[in-house]
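Student:
In UniProt numbering, the protein residues as written are 1 to 290.
Encoded structure:
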């Protein structure tokens, strides 16, 4: 592990939401507050118990806003569950309509940034028709986001095949270098990327750059986590639990927004987030919880 000192800036650290996916919403806020955070990511849809429903009521909005006020925690980062690489054109259109319906809801709930997935179709199964539908979907969503004053970020995420508690990662268009280059070239330039070096490590463990040289100018969202090998796959873990050295990453990262600790395992979420913060301390990095 390297020791890094960022003499010219202090990292801003917030709390990601995925580890809370089975907890009641108030637990997200309670744990984040207990750990000292003032920024919390939230999710809408996807069928997770710990996310807001995709058919939101006025009561849902009121309760969420009340939690934000009661715990004095901001909620500027929102994830929507989507896949813009569905092979079926009709299902794809329904997906686009679904996402566009939820973008204004995210704004009303305090979001300034919305994280979407390109999709989970493996890179080698992408056709030109799927590519074009995906580009059209993101162009429409970006237009909506511009009207709503939201920043759009594409998640860097592979195709995951889960079996016996471990995940096998395959490349998607958001993880394969040549595909990412095409996204950068052909998407509207206002669309950014969520930089998640843990996800990129798990799909391409020999690439120690984690696509940072490519993505750096377009990063507008960031997750901090790691994955470690187990049996014939991978399990998510805290930064510092495995061998992803974040020291060089932070030295090169141009992004100056909030980096979100995303601890995914369900059984020890507060402890995993604490280990992540301890790892930042060990790196000698200047940071503050925001």
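Cβ coordinates follow ideal geometry from the N, Cα and C atoms, glycine included.
Let me know the beta strand (DSSP E) ranges lying completely inside the region 14 to 102, each 3 residues or longer, listed in chain order.
Tutor: 39 to 44, 74 to 80, all fully within the region 14 to 102.
Student: If you drop the 5 nearest sequence neighbours on each side, which residues of the same chain put their C-beta closer than 8 Å to that of residue 188?
Tutor: The answer, listed in chain order, is 138, 139, 142.
Student: Buried or exposed for residue 278, going by 16 or more other Cβ atoms inside 10 Å?
Tutor: Burial call: exposed.
Student: Do residue 212 and residue 252 have their beta-carbon atoms positioned less than 8 Å apart in this structure?
Tutor: Contact: yes.
Student: If you count every other CB in all the chains shown that lies within 10 Å of the CB of residue 206, and 16 or more means buried, which is it?
Tutor: Residue 206 comes out exposed.
Student: What residue from 93, 218, 263 has the CA that sits closest to residue 292's CA?
Tutor: Residue 292 is absent from the structure shown; the chain starts at 1 and stops at 290.
Student: If we require 3 or more residues per run, which beta strand (DSSP E) segments fall completely within the region 166 to 212?
Tutor: DSSP runs (the beta strand (DSSP E)) wholly in the region 166 to 212: 166 to 170, 192 to 195.
Student: Flag this pair as yes or no: are the beta carbons of residue 118 and residue 174 separated by less than 8 Å?
Tutor: Yes, they are a contact pair.
Student: Residue 49: buried (16+ other C-beta within 10 angstroms of its C-beta) or exposed?
Tutor: So residue 49 ends up on the exposed side.
Student: So, using beta-carbon positions, are residue 19 and residue 269 closer together than 8 Å?
Tutor: Yes.
Student: Helix, strand or coil for residue 128, going by three-state DSSP, please let me know.
Tutor: Residue 128: helix per DSSP, three-state reduction.
Student: According to DSSP, which residues form a beta bridge with residue 115?
Tutor: Looking at the DSSP assignment, residue 115 forms a beta bridge with 79, 153.
Student: List the DSSP bridge partners of residue 288.
Tutor: Its beta-bridge partners are 12.
Student: Who are residue 222's beta bridge partners in DSSP?
Tutor: Its beta-bridge partners are 195, 259.
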